[in-house]
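A.B. asks: Whatever position you read off the sequence shown (first residue = 1), add 2 for our numbering.
Encoded as structure tokens, here's the structure I'll be asking about.
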Amino acid sequence: MYTNPYQYLSGRIEDRKLQKAGFKECLYDTGQVKLNYIVGPDKGPNLLLIPAQMGTWESYSKVLIPLSQQFKVYAIDIRGHGKSSWTPGDYSWAAIGEDMRSFMEGVIQNKVLISGNSSGGLVAIWCAANLSQYVTGIVVEDAPVFSAELPRFRDRDRFVYNGLKHLVDNIGDVNHRDLADYFSGLEMPVSENRIKKMPAWMIQLLSRQIKKFQAAHSNQPLEVGFPAALRLLLKSLSMFDPDFARAFVDGRFYQGLDHAQALRAITCPILLLHASWKRYEKYGLVGALDDQDVKHIMELAPQTIYKKIPANHVIHAFKPHAYIQALLDFKKTIKS
3 MYTNPYQYLS
13 GRIEDRKLQK
23 AGFKECLYDT
33 GQVKLNYIVG
43 PDKGPNLLLI
53 PAQMGTWESY
63 SKVLIPLSQQ
73 FKVYAIDIRG
83 HGKSSWTPGD
93 YSWAAIGEDM
103 RSFMEGVIQN
113 KVLISGNSSG
123 GLVAIWCAAN
133 LSQYVTGIVV
143 EDAPVFSAEL
153 PRFRDRDRFV
163 YNGLKHLVDN
173 IGDVNHRDLA
183 DYFSGLEMPV
193 SENRIKKMPA
203 WMIQLLSRQI
213 KKFQAAHSNQ
223 PLEVGFPAAL
233 RLLLKSLSMF
243 DPDFARAFVD
253 GRFYQGLDHA
263 QALRAITCPI
273 LLLHASWKRY
283 EKYGLVGALD
293 DQDVKHIMEL
303 APQTIYKKIP
313 ANHVIHAFKP
323 HAYIQALLDF
333 KKTIKS
């Protein structure tokens, strides 16, 4: 059994602009786990941001300050991520849902708009279905609705599933690993017959940089790599419990969330942000959800507002202005 080696760092925000804007980092003990989060100044209704799998609250860095002019912004590290508790052997929608229940009862203690990216969007759906007394609305940012349910996730639209299995196989041993190995053999299809891969020389260079950093800063999350997106990915990977991904691969994670059942139960407004996607015969769905999934969501939850944003899966990082405007427009439709 192992624990998060970086949890002790909670309370330290390195970004001076966030500090100046009034953001603080805190650690909340639910009695079961400790949840790391940041909170901004009180300038409007509550907004909770939930990042994607392998992501931390830092993925929202480009949008935090603008959003803090209109909301009281919270951004959380889900268990297994960032500076929150790692709980190997105990990852599921049900467990994370109970974390969110405790967080809302103990920290936010009021109504809240939730925006979640990818698996964070599925957490938002869980919250809207199960914690309706707190949730004024949800923004589902390119979440794998229906596509991340078995057997489809493993057998048909297997690109993301295979990516998680690759992570577990390559860097799943937290005590003996080189995080550069995550990129070894990792493929990103750009057409039916073309893929992008990180070249071997770059992986070797990253490996040397990682080992050099870890030798000098043995108890710090990684701070290597260029450009900024790669740097943040490596930092987030170093702060990610691979058993979270393993739970998706071996089937433990799915307890506690039936996507269709949850959508039927939601009565609050929903904004669905849909990023770019493709489907290839070899890989299945490369993206979070396709147009048929969108249609199914609209049938089950007809209050859903749909917005297509041609962008990478992490819309708030790659199209921050479009993301902010979508949230502000949605805010106008919600009763606090």
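Using N, Cα and C, we set each Cβ at its ideal position, and we do this for glycine too.
Would residue 147 and residue 295 be called neighbours here (beta carbons separated by less than 7 Å)?
C.D. replies: For the purposes of this step, residue 147 is taken as residue 145 along the sequence shown, with counting starting at 1. For the purposes of this step, residue 295 is taken as residue 293 along the sequence shown, with counting starting at 1. For residue 147 and residue 295, yes; Cβs fall inside 7 Å.
A.B. asks: Once you ignore the five residues that flank residue 336 on each side, which residues in its own chain have a CB closer than 7 Å to its CB?
C.D. replies: Here residue 336 is taken as the residue at index 334 of the sequence shown, counted from 1. Excluding positions up to five away in sequence, the list reads 115, 138, 139 and 271.
A.B. asks: Please work out which residues of its chain come closer than 6 Å, Cβ to Cβ, to residue 77, disregarding the five sequence neighbours upstream and downstream, and give them in chain order.
C.D. replies: Here the question's residue 77 lines up with position 75 in the sequence shown. Counting only Cβ-Cβ distances below 6 Å, and skipping sequence neighbours, we find 40, 51, 59 and 62.
A.B. asks: I need the straight-line Cα distance from residue 80 to residue 54, nearest angstrom please.
C.D. replies: Walking along the sequence shown from the start, residue 80 turns up at place 78. Walking along the sequence shown from the start, residue 54 turns up at place 52. Going by the C-alpha atoms only, they are around 9 Å apart.
A.B. asks: When burial is assigned at 16 or more other CB atoms within 10 Å of the CB, is residue 203 buried or exposed?
C.D. replies: What you label residue 203 is simply residue 201 of the sequence shown in a count that begins at 1. Flag for residue 203 reads exposed.
A.B. asks: In angstroms, rounded to a whole number, what distance separates the CA positions of residue 173 and residue 334?
C.D. replies: Position 171 of the sequence shown, counting from 1, holds the residue named residue 173. Position 332 of the sequence shown, counting from 1, holds the residue named residue 334. When rounded, the distance between both Cα atoms is 44 Å.
A.B. asks: Would the beta-carbon of residue 127 fall within 7 Å of that of residue 48?
C.D. replies: Working through the sequence shown from its first residue, we reach residue 127 at position 125. Working through the sequence shown from its first residue, we reach residue 48 at position 46. Not closer than 7 Å, so no.
A.B. asks: From residue 322 to residue 122, what does the alpha carbon distance come to, in whole angstroms?
C.D. replies: The sequence position of residue 322 within the sequence shown is 320, counting from 1. The sequence position of residue 122 within the sequence shown is 120, counting from 1. Distance between the alpha carbons of residue 322 and residue 122 is about 17 Å.
A.B. asks: Which of helix, strand or coil does DSSP assign to residue 191?
C.D. replies: For the purposes of this step, residue 191 is identified with residue 189 of the sequence shown, where counting begins at 1. Looking at residue 191 - three-state DSSP - the assignment turns out to be strand.
A.B. asks: Helix, strand or coil: how does DSSP classify residue 132 here?
C.D. replies: Residue mapping note: residue 132 aligns to position 130 of the sequence shown, counting from 1. Three-state DSSP puts residue 132 in a helix.
A.B. asks: Tell me the residue span of the beta strand (DSSP E) that contains residue 276.
C.D. replies: Here residue 276 refers to the residue found at position 274 when the sequence shown is read from its first residue. Its beta strand (DSSP E) spans residues 272-276.
A.B. asks: Determine the extent of the alpha helix (DSSP H) in which residue 163 is found, giving its start and end residues.
C.D. replies: Here residue 163 refers to the residue found at position 161 when the sequence shown is read from its first residue. Taken as a continuous stretch (DSSP letters only), the alpha helix (DSSP H) holding residue 163 covers 161-173.
A.B. asks: Taking residue 20 as the reference, which of 42, 33 and 37 has the closest Cα?
C.D. replies: Locating residue 20 in the sequence shown gives position 18, counting from the first residue. Here the closest residue by C-alpha is 42.
A.B. asks: Under the three-state reduction of DSSP, which class applies to residue 224: helix, strand or coil?
C.D. replies: If you number the sequence shown from 1, residue 224 lands on position 222. DSSP places residue 224 in coil when its eight states are reduced to three.
A.B. asks: Provide the residue(s) that pair with residue 307 in DSSP beta bridges, ordered along the chain.
C.D. replies: By 1-based counting over the sequence shown, the position of residue 307 is 305. The partner list for residue 307 (beta bridge, DSSP) reads 273.
A.B. asks: Cα-Cα, which of 165, 178, 177 and 175 is closest to residue 185?
C.D. replies: Position 183 of the sequence shown, counted from the start, is the residue given in the question as residue 185. Comparing Cα-Cα distances from residue 185 to each of 165, 178, 177 and 175, the minimum goes to 165.
A.B. asks: From which residue to which residue does the beta strand (DSSP E) around residue 31 run?
C.D. replies: As a first step, residue 31 is located in the sequence shown; it is residue number 29 there, counting from the start. Run containing residue 31: 26-31, per the beta strand (DSSP E) assignment.
A.B. asks: Under 6 Å from any heavy atom of the ligand ADP, does the C-beta of residue 223 make it?
C.D. replies: Among the ligands in the structure shown, none appear at all, so the ligand ADP cannot be discussed.
A.B. asks: Have a look at residue 57 and residue 320 and give me their C-alpha separation to the nearest angstrom.
C.D. replies: Residue 57 sits at position 55 when you count from the first residue of the sequence shown. Residue 320 sits at position 318 when you count from the first residue of the sequence shown. Going from the Cα of residue 57 to the Cα of residue 320 covers about 14 Å.
A.B. asks: Just reading off the beta strand (DSSP E) that residue 287 is part of, what are its end residues?
C.D. replies: Reading the sequence shown from its first residue, position 285 is the one you call residue 287. Here the beta strand (DSSP E) through residue 287 covers 286-288.
A.B. asks: Tell whether a beta-carbon distance below 7 Å holds between residue 1 and residue 88.
C.D. replies: With the chain running from 3 to 338 in the structure shown, residue 1 is simply not present.
A.B. asks: Got a sec, what are the start and stop residues for the alpha helix (DSSP H) residue 267 sits in?
C.D. replies: Translated into the one-based positions of the sequence shown, residue 267 becomes position 265. Note, residue 267: alpha helix (DSSP H), 261-267.
A.B. asks: How big is the Cα-Cα spacing for residue 287 and residue 211?
C.D. replies: The residue labelled residue 287 in the question sits at position 285 within the sequence shown. The residue labelled residue 211 in the question sits at position 209 within the sequence shown. Looking at the two C-alpha atoms, the distance is approximately 34 Å.
A.B. asks: Between the alpha carbons of residue 215 and residue 238, how many angstroms are there, rounded?
C.D. replies: Mapped onto the sequence shown, residue 215 falls at position 213. Mapped onto the sequence shown, residue 238 falls at position 236. Taking the straight line joining both Cα atoms gives about 15 Å.
A.B. asks: Run the CB neighbour count on residue 248, radius 10 Å, all protein chains shown included, and call it buried at 16 or more, exposed below.
C.D. replies: Residue numbering aside, residue 248 sits at position 246 when the sequence shown is read from its first letter. By the neighbour-count rule (16 or more Cβ atoms within 10 Å), residue 248 is buried.
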